[in-house]
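Q: What follows is a single structure, and I will ask about it in a moment.
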Amino acid sequence: SQQGEEDPQALSIQEGENATMNCSYKTSINNLQWYRQNSGRGLVHLILIRSNEREKHSGRLRVTLDTSKKSSSLLITASRAADTASYFCATDETGGGNKLTFGTGTQLKVEL
Amino acid sequence: EPEVTQTPSHQVTQMGQEVILRCVPISNHLYFYWYRQILGQKVEFLVSFYNNEISEKSEIFDDQFSVERPDGSNFTLKIRSTKLEDSAMYFCASSERTNARGYTFGSGTRLTVV
C-alpha cells in the first residue's frame, strides 16, 4: 500500500451520525495532519497530532494515532450536511524535510 | 484569520506556453510550498522553499518548473513550455518554522492546458 491510504474511499451517512475515517502510512513520522477539501476548492487544515500523542480533540473532531500500527483515525461526531467534503490525511515524515505526503482521501457525504 | 492568497483562480493556456502562478504566503511564515492535484488524484508535493532557496523538490519538479520569491511577499511558480499533463490544481502553502501547526493552503489555481 502507499503512504497515506485512507479508507473507506467513500462514506455516506445521515446527518447526526458519526463518521469515522482511517488512514494508514508506512514510514516514521513527526506528525500526522488531517485536511478537508470541498469540491474543487483548497485544502483546510483541521487538526495535527504529533507522533508522541495518542488522541486529540478539536470541537466535533477526534483524532487518534497508533504509531505501532502506523494508523490514524478521524472521527466527526454529530455530522452535518456542511461536513460533506473530501478528507485527507497527510504525514510529515521523519527525515522527510518539511513536506507533507498526502493520502488518497475519503469522500464523505452527509445527507439530510 | 491570515490567508494564503493565490492568483489567478483559473488559468487556461495553450500547450507550449509559459505560465506563472502567483501566491502571497502568510507574512510571518518562513517555509513555502507548491503542491499540485491532478483531477481525481492525490495531492502531490512539488517543491519547498526556505531562506530564498529550494530546500526540497520532488521528481515532478524538473527543469520545466522554477520558483521565485521576487520580493518580500510574493512566491511564484513558473511552468515553461506547458504540456497537456500539466493540467491540474496547483496549491501554494506556507508554514511556520517548525510546521508544528500544519500548513495554510491557498485556494488554488486551476491550470488548464489546451
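Protein chains in written order, with this note's numbering: chain B, 358 to 469; chain H, 3 to 116. C-beta: ideal position from N, C-alpha, C; glycine also.
#1: Just curious, the beta strand (DSSP E) that F77 (chain H) is in, first and last residue?
#2: Under 7 Å, Cβ to Cβ, is there at least one residue of chain B near Y92 (chain H)?
#3: I'd like to know whether the C-beta of T461 (chain B) is nearer than 7 Å to at least one C-beta of chain H.
#4: Quick one: which residues of the stretch 441-460 of chain B get their C-beta closer than 9 Å to a C-beta of chain H? List them in chain order.
#5: Could you name the residues of chain B that R71 (chain H) contacts, counting a contact when the two beta carbons are closer than 8 Å?
#6: By the 9 Å beta-carbon criterion, what residues does the stretch 397-431 of chain B contribute toward chain H?
#7: According to DSSP, simplified to helix, strand and coil, what is D440 (chain B)?
#8: By the 10 Å Cβ neighbour count, where 16 or more other Cβ atoms means buried, how is R393 (chain B) classified, buried or exposed?
#9: Does DSSP classify D88 (chain H) as helix, strand or coil?
#10: Over what stretch of residues does the beta strand (DSSP E) that includes R71 (chain H) continue unbroken?
#11: Verify whether the separation of the beta carbon atoms of S436 (chain B) and E363 (chain B) is less than 7 Å.
#12: Mind checking which residues open and close the beta strand (DSSP E) that includes I406 (chain B)?
#13: Strictly under 7 Å for the Cβ-Cβ distance: is E58 (chain H) near chain B by that measure?
#14: Show which residues of chain H have a CB atom less than 7 Å away from the CB atom of Q390 (chain B).
#15: Identify the contact partners of I97 (chain H) in chain B, using a Cβ-Cβ distance below 8 Å as the criterion.
#16: If you draw a straight line from the C-alpha of V49 (chain H) to the C-alpha of K466 (chain B), how long is it?
A: Taking the definition as stated:
#1: Taken as a continuous stretch (DSSP letters only), the beta strand (DSSP E) holding F77 (chain H) covers 77-81.
#2: So no, Y92 (chain H) is outside the interface.
#3: Cβ-Cβ to chain H under 7 Å: yes for T461 (chain B).
#4: Residues passing the 9 Å Cβ filter: F445, A447, D449, G453, G454, N455, K456, L457, T458, F459, G460.
#5: By Cβ distance, chain B contributes nothing, its closest Cβ being about 16 Å from R71 (chain H), past 8 Å.
#6: Of all residues in the stretch 397-431 of chain B, only G397, R398, G399, L400, V401, H402, L403, I404, L405, R407 place a beta-carbon less than 9 Å from a beta-carbon of chain H.
#7: In the three-state DSSP reduction, D440 (chain B) falls in the helix class (H, G or I).
#8: Under this definition R393 (chain B) is a buried residue.
#9: In the three-state scheme derived from DSSP, where H, G and I count as helix and E and B as strand, D88 (chain H) is classed as helix.
#10: First-last for R71 (chain H): undefined, no H or E at that position.
#11: It is not a contact, given that the beta carbons lie outside the stated cut-off.
#12: Per DSSP, the continuous beta strand (DSSP E) segment holding I406 (chain B) begins and ends at 400-407.
#13: Cβ-Cβ to chain B under 7 Å: yes for E58 (chain H).
#14: G104, listed in chain order.
#15: Position check: residue 97 (chain H) holds Ser in this sequence, whereas Ile was assumed. Within 8 Å Cβ-Cβ: N455.
#16: When rounded, the distance between both Cα atoms is 32 Å.
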